[in-house]
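Everything in the sequence shown is counted per the working numbering, starting at 329 for the first residue and increasing by one.
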Amino acid sequence: MHPRDIAREVIAAARAGAAIAHIHVRDPQTGSYSMELELYREVVGRIRDSGTDIVINLTTGAGARFIPGADDPRIGAPESSLAHPEARVAHVLDLKPELCSLDVATMNFGRHAMVNTPDHLARMAEMVQAAGVKPELEVFDLGHVRLARDLLDRGVIQGKPLFQLCLGIPWGADADARSMLCMKDSLPDGADWTAFGISRAQYPAVALAAAMGGHVRVGLEDNLYISRGKLAPGNAVLVERAVKLIEQLGANVASPADARRILGLDSRICVQQ
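Given below as structure tokens:
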């Protein structure tokens with residue numbers, strides 16, 4: 329997917345009612361996930377030049393994949409992508425978005441392992457916060473919440489935390505009410521939180537999170553379908569459906585300005601380059 333296409337999707341999602349855009353990039357030639365700084369620069373530059381005021385949230389998830397080698401399991405197979413903390417946040421330090429994700433998780437992730445050691449997490453958190461970027465703490469199971477709380481207790485994560493409850497991903501917490509409530513009740517008092525469920529659990533998770541007082545995330549990263557058997561043509565229709573559901577539940581949809589106020593981003597200095 330070309331950077332212009334990713335930027336266009338973000339702008340369309342913003343017009344549909346999204347307050348925050350969580351962004352990955354792909355190699356335009358192969359379609360594979362990429363950590364290439366120039367791709368992030370183009371995407372972010374196009375969004376900022378468009379005048380869209382959506383809050384930008386860049387991923388730092390790339391660089392955590394490990395698949396044991398067939399001959400020596402201590403050495404990663406060619407598909408592994410383990411990278412130093414500095415490489416994983418280079419695009420964040422360069423572009424200074426208001427948010428970036430931080431996967432507080434080492435776990436089996438489908439058929440490979442996602443590896444985020446406490447020391448690497450601490451280093452990444454320190455670097456992005458020094459650049460004025462707030463980390464979004466992505467947690468996939470209860471143990472990840474415990475690790476995030478330890479980072480908070482030790483002062484590695486500063487200020488009021490933002491948690492993302494990631495549900496339904498093999499092999500993390502199930503995308504159901506029991507899992508969401510259990511994880512939500514394990515969060516620090518006063519923490520901001522949002523949640524998503526993958527695939528067919530996307531909209532049940534929207535309803536559950538909104539009913540529990542949380543925020544919500546939808547999009548093609550988590551679910552490709554707008555209805556059973558019907559592929560979504562883009563992110564905007566998924567956002568529009570979430571907006572309708574939230575409003576039907578009697579809740580309000582936050583604007584980007586609302587999101588900045590809720591998350592304490594309006595007091596941060598965001599350098600746009």
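Heads up, the beta-carbon is just placed ideally off N, CA and C, and yes, glycines get one too. Keep in mind the model is a prediction, meaning the values are calculated, not measured.
Taking just the CA atoms, how far does His419 sit from Ala365?
The residue you call residue 365 lines up with position 37 of the sequence shown. The residue you call residue 419 lines up with position 91 of the sequence shown. Per the sequence presented here, residue 365 reads as Leu, with Ala not at that position. Rounded to whole angstroms, Leu365 to His419 spans 5 Å at the Cα level.
Could you have a look at Arg416 and say whether DSSP puts it in helix, strand or coil?
On the sequence shown, residue 416 is found 88 positions in, with the first residue counted as 1. Correct three-state label for Arg416: helix.
Can you tell me which of the three DSSP states Asn551 falls into?
The residue given as residue 551 occupies position 223 in the sequence shown. Here Asn551 sits in coil by DSSP.
Note down, in chain order, each residue of its chain lying with its Cβ closer than 6 Å to the Cβ of Phe524, except the 5 sequence neighbours on either side.
Stepping through the sequence shown from its first residue, residue 524 is reached at position 196. Answer for Phe524: Ala533, Arg545 and Asp550, listed in chain order.
Within this structure, are the beta carbons of Leu515 and Phe491 separated by less than 8 Å?
Walking along the sequence shown from the start, residue 515 turns up at place 187. Walking along the sequence shown from the start, residue 491 turns up at place 163. Contact: yes.
What do you reckon, are the CB atoms on Ala390 and Ser409 nearer than 8 Å?
Locating residue 390 in the sequence shown gives position 62, where the first residue counts as 1. Locating residue 409 in the sequence shown gives position 81, where the first residue counts as 1. Yes, the Cβ-Cβ distance between Ala390 and Ser409 is below 8 Å.
Apply the 10 Å Cβ neighbour rule to Asn436 and answer buried if 16 or more other Cβ atoms are within range, or exposed otherwise.
Here residue 436 refers to the residue found at position 108 when the sequence shown is read from its first residue. By the neighbour-count rule (16 or more Cβ atoms within 10 Å), Asn436 is not buried but exposed.
Sorted by chain position, which residues of the same chain lie with C-beta nearer than 7 Å to Leu449's C-beta, five sequence neighbours on each side aside?
For this step, residue 449 is matched to residue 121 along the sequence shown. Result list for Leu449: Leu430, Val432 and Leu479, in chain order.
Mind reading off the beta-carbon distance from Cys428 to Glu466? Whole number of angstroms is fine, and I expect it under 8 Å.
Numbered from 1 along the sequence shown, position 100 holds the residue referred to as residue 428. Numbered from 1 along the sequence shown, position 138 holds the residue referred to as residue 466. At roughly 10 Å, the Cβ-Cβ gap does not stay under 8 Å, so Cys428 and Glu466 are not in contact.
Using DSSP with H/G/I as helix, E/B as strand and the rest coil, what is His448?
Counting from 1 along the sequence shown, the entry for residue 448 is found at position 120. Looking at His448 - three-state DSSP - the assignment turns out to be helix.
With distances taken between CB atoms, is the gap from Ile348 to Ile334 smaller than 8 Å?
Counting from one through the sequence shown, the residue named residue 348 turns up at place 20. Counting from one through the sequence shown, the residue named residue 334 turns up at place 6. No, they are not a contact pair.
Between which two residues does the beta strand (DSSP E) holding Ser378 run?
For this step, residue 378 is matched to residue 50 along the sequence shown. Note, Ser378: premise wrong, no beta strand (DSSP E); not H, not E.
Buried or exposed: which applies to Val357, given that a residue is buried once 16 or more other Cβ atoms fall within 10 Å of its Cβ?
By one-based count along the sequence shown, residue 357 stands at place 29. Reading off the sequence, residue 357 comes out as Gln, not Val. Result: exposed.
Distance between Thr387 and Phe468 (C-alpha atoms, nearest Å):
Here residue 468 refers to the residue found at position 140 of the sequence shown. Here residue 387 refers to the residue found at position 59 of the sequence shown. Taking the straight line from one Cα to the other gives about 15 Å.
Let me know the secondary structure DSSP gives Val456 once reduced to three states.
The residue given as residue 456 occupies position 128 in the sequence shown. DSSP places Val456 in helix when its eight states are reduced to three.
Rank Met508, Lys558 and Asp513 by C-alpha distance to the C-alpha of Leu536 and give the top, closest one.
Here residue 536 is taken as the residue at index 208 of the sequence shown, counted from 1. Measuring from the Cα of Leu536, the nearest candidate turns out to be Met508.
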